[in-house]
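Peer 1: Going by the UniProt record's numbering, the letters in the sequence shown line up with residues 1 to 99, in that order. Every residue, glycine too, gets a C-beta built ideally from N, C-alpha and C. Remember, predicted model here, so these are calculated numbers, not experimental data.
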Amino acid sequence: MMENRELDKIKYEAAREHVAKIRKFGVNVLVFCIVFIFFNRENIFQLNEFNFGFGRVSIIFWIWGIILAVKAVKLFVFDYDWERKMIERNLKNNSNGKL
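Have a look at this one:
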């Protein structure tokens, strides 16, 4: 009974941490978009039409975008459930339970 409470508490904390990471990621994407539009507003809104070409975008925005993409993959693909499944698989494959 006590083990179930501890396990539920661990799962709750992991879920809470995951939600906080998602929130932080969302803020990072929003800041990226605002800064990107601010610095590239002349290129984007040229002659009253939406012109979104990647040719003249600063290398800083490319790097920042790649970092955000890596964080997205880490956050949404390799999340807590994936990590837990990999740990369980490793424990199951090893006959004596050692990593």
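#1: Which same chain residues, not among the five before or five after residue 72, have their C-beta less than 8 Å away from its C-beta?
#2: For the alpha helix (DSSP H) that residue 77 lies in, which residues bound it at each end?
#3: DSSP on residue 57, reduced to helix/strand/coil?
#4: Out of curiosity, what's the CA-to-CA distance linking residue 60 and residue 31?
#5: Below 8 Å on the Cβ atoms is my guess for residue 75 versus residue 28; work out the distance and round it to an integer in Å.
Peer 2: Based on what the coordinates show:
#1: Excluding positions up to five away in sequence, the list reads 25.
#2: Looking at the DSSP string, residue 77 is not in any alpha helix (DSSP H), and its letter there is neither H nor E.
#3: Shown here, residue 57 sits in coil according to DSSP, grouped into three states, outside any helix or strand.
#4: Each residue's Cα considered, the two are about 14 Å apart.
#5: Not a contact, Cβ separation roughly 11 Å.
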